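A.B. asks: Position one of the sequence shown corresponds to residue 35 (the numbering used here), numbered consecutively onward.
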Amino acid sequence: MDTTKPPFFPHASTAESCCTPAALVMQLAANAAPLLIDVRKNEAFAAAADTLPGALRRDPLQIDSWATTLPVAAAVLVYCVHGHEVSQNTVQALRQQGIHATFLQGGIEAWRQQGLPLVVKPAGSATRWVTRERPKIDRIACPWLVRRFLDAQAEFLYVPTAQVRVVAHAQQATPYDVNADVADTVFTHQGDQCSFDAFIRLYHLGADTALARLAAIVRGADTDRLDLAPQAAGLLALSLGMSRSIPDDLTMLDAMMPVYDALYVWCRDAVAGVDEPHNWKPA
């Protein structure tokens with residue numbers, strides 16, 4: 035459990051650095067919430083049964099190792115049990131690294147006491163996800179996004195469509211990129227957007243303009259709207275060719291990770307106006 039000592043936060047006022055549960059509810063409703071990070075002490079997290087919806091788990095004693103993996107330009111809200119030393123000192127450490135961070139006033143217990151929604155936590159600190167077998171675009175792009183921006187240790191399971199719901203329950207895995215007939219999930223297509231868009235929306239990564247540009251490419255390739263981005267047709271061709279060439283789904287995922295890394299780098303250069311045109315003429 036958190037300490038009950040008075041808050042220790044020497045370099046910024048508590049009022050400037052905290053967010054009330056009511057304010058967070060309003061931000062969530064407006065799809066404008068920060069990235070949520072559970073920083074309860076390891077023993078408190080291990081003893082708990084639930085977390086805030088969409089929250090990542092990070093060890094508060096390992097801030098230096100995970101702070102650099104946070105999304106570019108993302109606002110962060112951390113929470114511990116009661117909103118005392120653990121979350122406040124985490125905010126201070128993150129701010130010292132240039133990250134806009136706040137903490138949840140009263141911690142998860144204040145959230146619980148107000149009857150606000152909680153979800154069953156993953157079995158471990160890493161997340162586990164399950165989807166249909168034989169991935170091509172969305173079911174590769176989403177794991178890339180999770181591992182690069184959210185949880186480097188995330189585990190992905192590819193199973194026959196009819197087994198997704200059963201495996202999700204047995205393995206405490208979150209389904210993604212499936213419809214409601216297969217399994218219940220918020221990480222899937224909505225309207226004209228694909229599952230990649232859902233991850234960006236639900237984990238509040240939209241402030242990263244390079245990632246938003248990549249999302250248009252993925253959406254165009256995945257939903258057969260190649261007019262959305264000139265690069266969509268190339269991603270579609272490459273993904274289908276890789277799928278035909280590599281029969282094992284996890285091997286396919288490993289092979290495509292550097293492809294998405296390269297696309298993301300190109301997107302960063304493009305939004306910064308420093309993308310390099312290719313000159314075909316010999317020197």
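No residue lacks a Cβ here, since even glycine has one placed at the ideal position from N, Cα and C.
Everything numeric in this text was worked out from a predicted model, so none of it was measured.
Going by CA-CA distance only, name the one from 131, 172 and 243 that's closest to residue 222.
C.D. replies: For this step, residue 222 is matched to residue 188 along the sequence shown. When each option's Cα is compared against that of residue 222, the closest is 172.
A.B. asks: According to DSSP, is residue 166 helix, strand or coil?
C.D. replies: In the sequence shown, counting from the first residue as 1, residue 166 sits at position 132. Strand, per DSSP.
A.B. asks: Inspect the CB distances between the segment 260 to 269 and the segment 192 to 203 and report whether three or more fall short of 8 Å.
C.D. replies: No: the two stretches stay apart, fewer than three of their Cβ pairs being nearer than 8 Å.
A.B. asks: Which runs of the beta strand (DSSP E) at least 3 residues long sit entirely within the segment 128 to 157? Give them in chain order.
C.D. replies: Qualifying beta strand (DSSP E) stretches, in chain order: 135 to 138.
A.B. asks: Between residue 140 and residue 116, how many whole angstroms is the CB-CB distance? I'm expecting something under 8 Å.
C.D. replies: Counted from its first residue, the sequence shown places residue 140 at position 106. Counted from its first residue, the sequence shown places residue 116 at position 82. The pair is a contact, with the Cβ atoms about 7 Å apart (cut-off 8 Å).
A.B. asks: May I ask which residues mark the beginning and end of the alpha helix (DSSP H) holding residue 297?
C.D. replies: As a position in the sequence shown, residue 297 is number 263, starting the count at 1. Where residue 297 is concerned, the enclosing alpha helix (DSSP H) stretches over 283 to 306.
A.B. asks: With burial defined as no fewer than 16 other Cβ atoms inside 10 Å of the residue's Cβ, what is the status of residue 255: buried or exposed?
C.D. replies: Here residue 255 is taken as the residue at index 221 of the sequence shown, counted from 1. Buried, because 16 or more other Cβ atoms sit within 10 Å of the Cβ of residue 255.
A.B. asks: I'd like to know if the segment 189 to 198 and the segment 297 to 311 are in contact, where contact means that at least 3 CB-CB pairs between them fall below 8 Å.
C.D. replies: These segments do not touch.
A.B. asks: Quick one: what's got a C-beta closer than 6 Å to residue 243's C-beta in the same chain, skipping five residues either side?
C.D. replies: Taking the first residue of the sequence shown as 1, we reach residue 243 at position 209. 305, listed in sequence order.
A.B. asks: Am I right that residue 110 and residue 71 are in contact with their C-beta atoms under 8 Å? What's the rounded C-beta distance?
C.D. replies: Along the sequence shown, one-based indexing puts residue 110 at 76. Along the sequence shown, one-based indexing puts residue 71 at 37. Right, the Cβ-Cβ distance comes to about 6 Å (below 8 Å), so this counts as a contact.
A.B. asks: Distance check for residue 133 and residue 279, CA to CA, integer angstroms please.
C.D. replies: Reading the sequence shown from its first residue, position 245 is the one you call residue 279. Reading the sequence shown from its first residue, position 99 is the one you call residue 133. In a straight line, the C-alpha of residue 279 is about 42 Å away from that of residue 133.
A.B. asks: Helix, strand or coil for residue 110? Go by DSSP, reduced to three states.
C.D. replies: On the sequence shown, position 76 is the one that residue 110 refers to. Looking at residue 110 - three-state DSSP - the assignment turns out to be strand.
A.B. asks: Out of curiosity, what's the CA-to-CA distance linking residue 198 and residue 55?
C.D. replies: By 1-based counting over the sequence shown, the position of residue 198 is 164. By 1-based counting over the sequence shown, the position of residue 55 is 21. Spanning the two alpha carbons is a distance of roughly 34 Å.
A.B. asks: For residue 285, does the count of other Cβ atoms within 10 angstroms reach 16, so buried, or fall short, so exposed?
C.D. replies: Counting from one through the sequence shown, the residue named residue 285 turns up at place 251. Exposed, by the Cβ-count rule.
A.B. asks: Counting along the chain, where does the alpha helix (DSSP H) carrying residue 310 start and finish?
C.D. replies: Sequence index remark: in the sequence shown, residue 310 carries index 276 (1-based). Neither: residue 310 is in no alpha helix (DSSP H) and is coded neither H nor E.
A.B. asks: Taking its Cβ as the centre, do 16 or more other Cβ atoms sit within 10 Å of residue 303, making it buried, or is it exposed?
C.D. replies: As a working mapping, residue 303 is identified with position 269 in the sequence shown. Classification for residue 303: exposed.
A.B. asks: In terms of alpha-carbon separation, which member of 93, 113, 290 and 101 lies closest to residue 87?
C.D. replies: The sequence position of residue 87 within the sequence shown is 53, counting from 1. With distances taken between Cα atoms, residue 87 lies closest to 113.
A.B. asks: In chain order, what are the residue ranges of uninterrupted alpha helix (DSSP H) at least 4 long that sit wholly in the segment 157 to 231?
C.D. replies: 172 to 179 and 198 to 205, all fully within the segment 157 to 231.
A.B. asks: Tell me the rounded alpha-carbon separation between residue 312 and residue 265.
C.D. replies: Taking the sequence shown and counting its residues from 1, one reaches residue 312 at position 278. Taking the sequence shown and counting its residues from 1, one reaches residue 265 at position 231. Roughly 15 Å separates the two Cα atoms.
A.B. asks: Label residue 301 either buried or exposed according to how many other C-beta atoms from any shown protein chain fall within 10 Å of its C-beta, with 16 as the threshold for buried.
C.D. replies: Locating residue 301 in the sequence shown gives position 267, where the first residue counts as 1. Buried, since its Cβ has 16 or more Cβ neighbours within 10 Å.
A.B. asks: Could you give the C-beta distance for residue 211 and residue 161, rounded to a whole number, given that I count them as a contact under 8 Å?
C.D. replies: The residue given as residue 211 occupies position 177 in the sequence shown. The residue given as residue 161 occupies position 127 in the sequence shown. Contact flag wrong, Cβ pair sits at about 15 Å.
A.B. asks: Would you mind sorting residue 177 into buried or exposed? The rule is 16 or more other CB atoms within 10 Å of its CB.
C.D. replies: Position 143 of the sequence shown holds residue 177. By the neighbour-count rule (16 or more Cβ atoms within 10 Å), residue 177 is buried.
A.B. asks: Smallest Cα separation from residue 218: which of 209, 92, 267 and 60?
C.D. replies: As a working note, residue 218 is residue 184 in the sequence shown. Residue 218 has its Cα closest to that of 209, out of 209, 92, 267 and 60.
A.B. asks: Which residue comes first and which comes last in the alpha helix (DSSP H) that contains residue 260?
C.D. replies: Here residue 260 refers to the residue found at position 226 of the sequence shown. Note, residue 260: premise wrong, no alpha helix (DSSP H); not H, not E.
A.B. asks: Between the Cα of residue 103 and those of 52, 316, 239 and 228, spot the shortest distance and give me the residue it belongs to.
C.D. replies: The residue given as residue 103 occupies position 69 in the sequence shown. Ranking the options by Cα distance to residue 103, first place goes to 239.
A.B. asks: Rounding to the nearest angstrom, what Cα-Cα distance links residue 268 and residue 247 in this structure?
C.D. replies: By one-based count along the sequence shown, residue 268 stands at place 234. By one-based count along the sequence shown, residue 247 stands at place 213. Near 15 Å, if we compare the C-alpha coordinates of residue 247 and residue 268.
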